Amino acid sequence: MERLQKIMAQAGVASRRKCEALIQAGKVQVNGETVTELGFKADPKDDITVGGKPIKHERKLYLMLNKPKGVITSASDPQGRKIVADYLKGIKERVYPVGRLDYDTEGLLLLTNDGEFANLLTHPSHHVPRTYLATVRGVPHGSKLEKLAAGIKLEDGMTAPAEVEYHDVSPDDKHATIAITIHEGRNRQVRRMFEAIGHPVSRLKRVRIGDLGLANLQRGKFRHLTPQEIKALQSSGSKPHNVHKKVRPDKP
1 MERLQKIMAQ AGVASRRKCE ALIQAGKVQV NGETVTELGF KADPKDDITV GGKPIKHERK
61 LYLMLNKPKG VITSASDPQG RKIVADYLKG IKERVYPVGR LDYDTEGLLL LTNDGEFANL
121 LTHPSHHVPR TYLATVRGVP HGSKLEKLAA GIKLEDGMTA PAEVEYHDVS PDDKHATIAI
181 TIHEGRNRQV RRMFEAIGHP VSRLKRVRIG DLGLANLQRG KFRHLTPQEI KALQSSGSKP
241 HNVHKKVRPD KP
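What follows is the structure, given as structure tokens:
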């Protein structure tokens, strides 16, 4: 017997938190009886319906996509713009993004139908590190990068310590690419951090989640994660991380 929201999440209904909301809203039935108690336990073999539709125990999928710029991280878009599902040729199961990447942000995006796995990686308490390459206008020098590393004040509060270092600087000093690793998932956080120090982002690419990197995966392509990669990500999301600042402020 397992908690109902866990069974639902494992069946790919939604994240565990969203499944809890569905239960509390009275939209879930077990063997014909409506359940609203979050502590309710059921057998995965029970007749479980959500909104009158039975849940399906599909095979678990864990995908990595190199998301192009100009693609919506969503299951659908009323404006008819490209969505990440358009790039998952051959995948019949419905999978959901693990977290989000902005329309103008490219790079590593995980997708799965395992709600428990998604919740493990996105819950704020787990602080799974995410590394980005941010190309910015101008070249931010020592004291500015120190501010990003130590934590900088945004309109929604101070950011947590980050790891920041130069990746590349243009010969004419008109732009620089900074590698930044954060352990939070606020809306447009990296862009807002660089705007706060006076160096707006012109290109943003996520290159790593935990120990998983894009490697040679081409833009617009996806692949299945290996069992070892899945296990490593689950381990990364199941334990607290020591968040510390790291900065190399000197211009290369």
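If you count the sequence shown from 1, position 4 lands on 4 in full-length UniProt numbering, and the numbers rise without skipping.
Beta carbons: idealized from backbone N, C-alpha and C, even for Gly.
Only a predicted model underlies this, so the values are computations on that prediction, with no experimental measurement involved.
Since Ala134 and Phe194 are thought to touch, with beta carbons under 8 Å apart, how far apart are those beta carbons, to the nearest angstrom? 6 Å
What span of residues does the alpha helix (DSSP H) with Ile7 cover, start to end? 4-10
If you reduce the DSSP assignment to three classes, tell me which class Ala179 lands in. strand
Using three-state DSSP, classify Pro54 as helix, strand or coil. strand
How many angstroms separate the CA atom of Asp77 from the CA atom of Ile182? 28 Å
Run through DSSP, which three-state label would Val190 get? helix
In three-state DSSP terms, what is Leu108? strand
Alpha helix (DSSP H) runs contained entirely in the segment 116-183, provided each spans 4 or more residues: 142-150
Are the CB atoms of Lys27 and Arg16 nearer to each other than 8 Å? no
With 16 other CB atoms within 10 Å as the buried threshold, where does Gln10 fall? buried
If you draw a straight line from the alpha carbon of Arg219 to that of Met1, how long is it in whole angstroms? 43 Å
Is any beta-carbon of chain D found at less than 8 Å from that of Ile23? The structure shown has no chain D; it contains just one protein chain.
Under DSSP, the beta strand (DSSP E) around Gln79 begins and ends at which residues? No beta strand (DSSP E) contains Gln79, which DSSP labels as neither H nor E.
Spatial neighbours of Ile152 in its chain, beta-carbon cut-off 8 Å, leaving aside the 5 residues before and after: Met158, Thr159, Met193, Ala196, Ile197
Within the same chain, show all residues whose beta-carbon is closer than 8 Å to that of Pro200, passing over the 5 residues directly before and after it, in chain order. Val136, Arg137, Arg191, Phe194
So what does residue 262 bridge to, in DSSP terms? Summary: the structure shown does not reach residue 262, with the chain confined to residues 1 through 252, and so no result is reported for it.
Where DSSP assigns a beta bridge to Gly213, which residues make up the other side? Arg208
DSSP-derived helix/strand/coil call for Ala85: helix
Taking C-beta to C-beta, are Tyr103 and Ile55 nearer than 8 Å? no
Can you tell me which of Leu121, Asp168, Ala118 puts its alpha carbon nearest to the alpha carbon of Val139? Asp168
DSSP on Ala42, reduced to helix/strand/coil? strand
Tell me where the alpha helix (DSSP H) around Arg16 begins and ends. 16-24
Looking at Glu116: is its Cβ nearer than 8 Å to the Cβ of Lys69? no
Residues sharing a beta bridge with Gln29, DSSP: Thr34, Thr49
Compare the Cα-Cα distances from Tyr87 to each of Leu145, Leu111, Leu4, Gly99 and report the closest residue. Leu111
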